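Order-wise, the sequence lines are chains P and E. When we follow numbering that gives the first Met the number 0, the leftmost residue of the first sequence carries the number 0, and every step to the right adds one. When we follow numbering that gives the first Met the number 0, the leftmost residue of the second sequence carries the number 0, and every step to the right adds one. Heads up, the beta-carbon is just placed ideally off N, CA and C, and yes, glycines get one too. Since the structure is predicted, the reported quantities are computational estimates derived from the model, not experimental observations. Since the structure comes first, as C-alpha cells, the remarks are kept for the end.
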Amino acid sequence: MRKLTSMILFVVVFAVSGVNAAARGVYQAPEDFLSETFGGTDPESHVVWMTPDLKARVAAVLGHPPNAMRIRYWRMGQRTAWVVEEIGKEKPITTGIVVNDNQIERIKILIFRESRGWEVRHDFFTDQFHGATLNGRSELDRNIDGISGATMSVSAVTRLARMVLLLDQQVDADVQG
Amino acid sequence: MSRAKGARSRSASLAIWHRRLGLSAALFVLVLATTGLALNHTAELGLDRRYLEAEWLLAWYGIQAPAEASVFVAGSLLVTQMGDRVYFGTRPVEEGVGTVGGAVYIDDLVVTAVDGDLLILTASGERVERLGRKDGVPAGLAGVGTDSEGGLLLSTDAGLYRADAEFLRWSEVDAVDANVVWSTPATADAATLAELRADYRGRILSLERVLLDLHSGRILGRFGPLLMDFAAILLTLLAVTGVWVWSSRRP
C-alpha cells in the first residue's frame, strides 16, 4: 500500500512539475510572430511616444504607469502588430497582438515566464478577444471569461489588449491628423 | 463499575486529552491562522513588494550578493551589473539580466547591451525601450560604441552596424573611423560595490516568501514541513476529540 501511495505521489508531482516546466518559455519568437502576421514581408517599424495625455490614459488602463517611454509597432495598411509586455504576478508576459481596423484580429502569448497562469496561451482563451474593440470608457466591448488559477495572467493579457487598442486609436488619430 | 460510570470516565479522559491537544496546537494555530490571513491578501497588503533586510534573516536564508560585478562607464554614469540586476550609479534600473556587454551615453540616453538586446534608458533610469531581434537589432551583439559623430555602433558576429538617430533603423558599415570609442569593462570603487551588494541583498527576500515559508514550515529547513504535518495531525485529533467529548456529554 505504502509503495502504491509513493508511486502515485511521484507520478502526480512529476506530472505537475513537468507541466510547469513545459508551460514556461518561448512559445513563438517575436520576430517569427511578426513574420507570420505579415506573410513573410517585413514592414517598417514605427513608435508611439508616451505623451503626458497618452501616458495618463495608458496608466488608467494598466493600473500603473507604462513601463516604456515609447512603444513600437509594425503597420501594413489597416493592420498593426504589437509586441507588448505586462506582469501577471511577478514576471512579464510577452504578448503579440494584431489589430485590424481598430478590432483585435489575433492575440498570441509569445513568452511566458510566470510559474502559474500559463493557460492563457490556449486558443480557447485568446479567441475571446477576436473582433474586440474599445468602448468610450477604454474598456473592451465584451466580457472576457477568466480561468481559475490564472486570474492575474488573464487580467494582464486583458489589460494589454485594451492598451493596444488604445494605442492603435492614437496611431490612427496621428495618421489622420 | 457500571456502564454509565465507565462512559463518564472515558469522556473525562478524552476531555483531558482534548485540552492537552488544544494547548499543544495553540502555537501552530496562531502561526497558521495569522500567516494564512496575511497570505490571502498578498496583493492588497503588498507583501510581494516588501522586502526584508534583517541581517540574521538573510543569513538564515543564505542570501549572498555576487562576488563579481561588471562595470561600464557611460558618460558620467557608472553602469554596473550585479547578479541579474543592472544599476545606474547605485540605483537599480533593470532586473532579470543575464549578461551586460557594454554601455554608452548618447544624447542624454544610456544604451546598454543586455543579453543581445539594447536597453535604452534615460540617465535617470526611465526606460525608453528595449530593442531586440524583432526591432532589427542584428544577431550576435558583442559590443556597443560611439563613432566620431556620436552615433551608436554595434559590433556583432555579422559585422559592424550603425543605428539612426532614433534607433529605429540599422545599417551595416564596412569600417569605422579611428575615433570610435568601444565600451569596455571598468572598475568601481570598493565603497560603491559594498553599497550595491547591500542593496542587492535587500531586494531578494520578500515578506510574502517568509510568510509562505512560515505557513508551510519550510523556514525551518527540511524538517519544517514535517513539523507542520504534525500540527495538522494535532488539529485533526483536536477536532475528533472535540466532537467525541461533545457527543458523549449530550443528554
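{"Query": "Nearest residue (CA-CA) to V103 (chain E), options E:D146, E:E125, E:D134", "Result": "E:D146"}
{"Query": "CA nearest to the CA of G38 (chain P), picked from P:K90, P:W73, P:N142, P:H45", "Result": "P:W73"}
{"Query": "Entirely enclosed alpha helix (DSSP H) segments - the segment 37-87 of chain E, minimum 4 residues", "Result": "41-44, 54-60"}
{"Query": "Cβ-Cβ separation, D116 (chain E) to R71 (chain P) (assumed contact under 8 Å), whole Å", "Result": "That belief does not hold up - the Cβ atoms of R71 (chain P) and D116 (chain E) are roughly 13 Å apart, past 8 Å."}
{"Query": "Within chain P, the residues that R132 (chain E) reaches when beta carbons sit closer than 8 Å", "Result": "A28, P29, E30"}
{"Query": "8 Å contact criterion, which A73 (chain E) and V109 (chain E) should meet: CB distance rounded", "Result": "5 Å"}
{"Query": "Inter-residue Cα distance where the pair is V172 (chain E) and Y160 (chain E)", "Result": "5 Å"}
{"Query": "Beta carbon of A178 (chain P) nearer than 7 Å to that of I106 (chain P)", "Result": "A query on residue 178 (chain P) cannot be resolved here, the shown segment of chain P reaching from 0 to 176 and no further."}
{"Query": "Contact set for V181 (chain P): own chain, Cβ-Cβ below 7 Å, skip 5 residues either direction", "Result": "Because chain P in this structure spans residues 0 to 176, residue 181 (chain P) falls outside the shown range and cannot be described."}
{"Query": "From E:P65, E:Y50, E:S247, E:A157, residue whose alpha carbon lies closest to that of D83 (chain E)", "Result": "E:P65"}
{"Query": "Under the three-state DSSP convention, the category M75 (chain P) falls into", "Result": "strand"}
{"Query": "Contact test: T235 (chain E) Cβ vs the ligand GDP heavy atom, cutoff 6 Å", "Result": "The model depicted lacks the ligand GDP and carries no ligand whatsoever."}
{"Query": "Classification of G216 (chain E) by the beta-carbon crowding that lies within 10 angstroms, buried from 16 upward", "Result": "buried"}
{"Query": "Proximity test, Cβ basis, 7 Å: V78 (chain E) and chain P", "Result": "no"}
{"Query": "Short CB-CB distance (under 7 Å) between L19 (chain E) and chain P", "Result": "It should be pointed out that residue 19 (chain E) corresponds to Arg in this sequence rather than to Leu. R19 (chain E) does not count as touching chain P."}
{"Query": "Backbone CA spacing between N134 (chain P) and L53 (chain P) [nearest angstrom]", "Result": "17 Å"}
{"Query": "Same chain, Cβ closer than 7 Å to G201 (chain E), neighbours up to 5 away in sequence not counted", "Result": "Y50, E52"}
{"Query": "Buried/exposed call for S147 (chain P), threshold 16 Cβ in 10 Å", "Result": "exposed"}
{"Query": "Same chain, Cβ closer than 7 Å to V175 (chain E), five either side skipped, listed in chain order", "Result": "D146, L152, L159"}
{"Query": "Inter-residue spacing [alpha-carbon to alpha-carbon] between L26 (chain E) and F222 (chain E)", "Result": "17 Å"}
{"Query": "Contacting positions in the segment 54-83 of chain P - beta carbon closer than 7 Å to chain E", "Result": "N66, A67, M68, R69, R71, V82"}
{"Query": "Short CB-CB distance (under 7 Å) between R126 (chain E) and chain P", "Result": "yes"}
{"Query": "Within chain P, partners of L167 (chain E) - CB distance below 9 Å", "Result": "E43, S44, H45, V46, R71"}
{"Query": "Reduced DSSP category for G124 (chain E) - H, G, I as helix; E, B as strand; rest coil", "Result": "coil"}
{"Query": "Beta carbon proximity, L164 (chain P) to chain E, threshold 7 Å", "Result": "no"}
{"Query": "C-alpha distance - D167 (chain P) paired with L159 (chain P), whole-angstrom precision", "Result": "12 Å"}
{"Query": "Under 7 Å between C-beta atoms of F128 (chain P) and I110 (chain P)", "Result": "no"}
{"Query": "Own chain, CB closer than 7 Å to E287 (chain E), minus 5 neighbours either side, in chain order", "Result": "Look at the range of chain E in this structure, 0 to 250, and you will see that residue 287 (chain E) is not part of it."}
{"Query": "Residues bridged to W181 (chain E) (per DSSP)", "Result": "E:G144"}
{"Query": "Below-7 Å beta-carbon distance, L159 (chain P) vs any chain E residue", "Result": "no"}
{"Query": "Inter-residue Cα distance where the pair is I7 (chain P) and E54 (chain E)", "Result": "Only weak support is given to the placement of I7 (chain P): the predicted model assigns it a pLDDT of 49, under 50, and the question is left unresolved by the model."}
{"Query": "Chain A within 7 Å of L33 (chain P), Cβ atoms only", "Result": "No chain A is present in this structure, whose protein chains are P and E."}
{"Query": "Of the listed residues P:D126, P:R141, P:I86, nearest to T132 (chain P) (C-alpha basis)", "Result": "P:R141"}
{"Query": "Cβ-Cβ distance between A149 (chain P) and G116 (chain P) below 7 Å", "Result": "yes"}
{"Query": "Buried versus exposed call for S123 (chain E) [16 or more other C-beta atoms within 10 Å across all chains shown]", "Result": "exposed"}
{"Query": "Backbone secondary structure at V175 (chain E) - three-state DSSP", "Result": "coil"}
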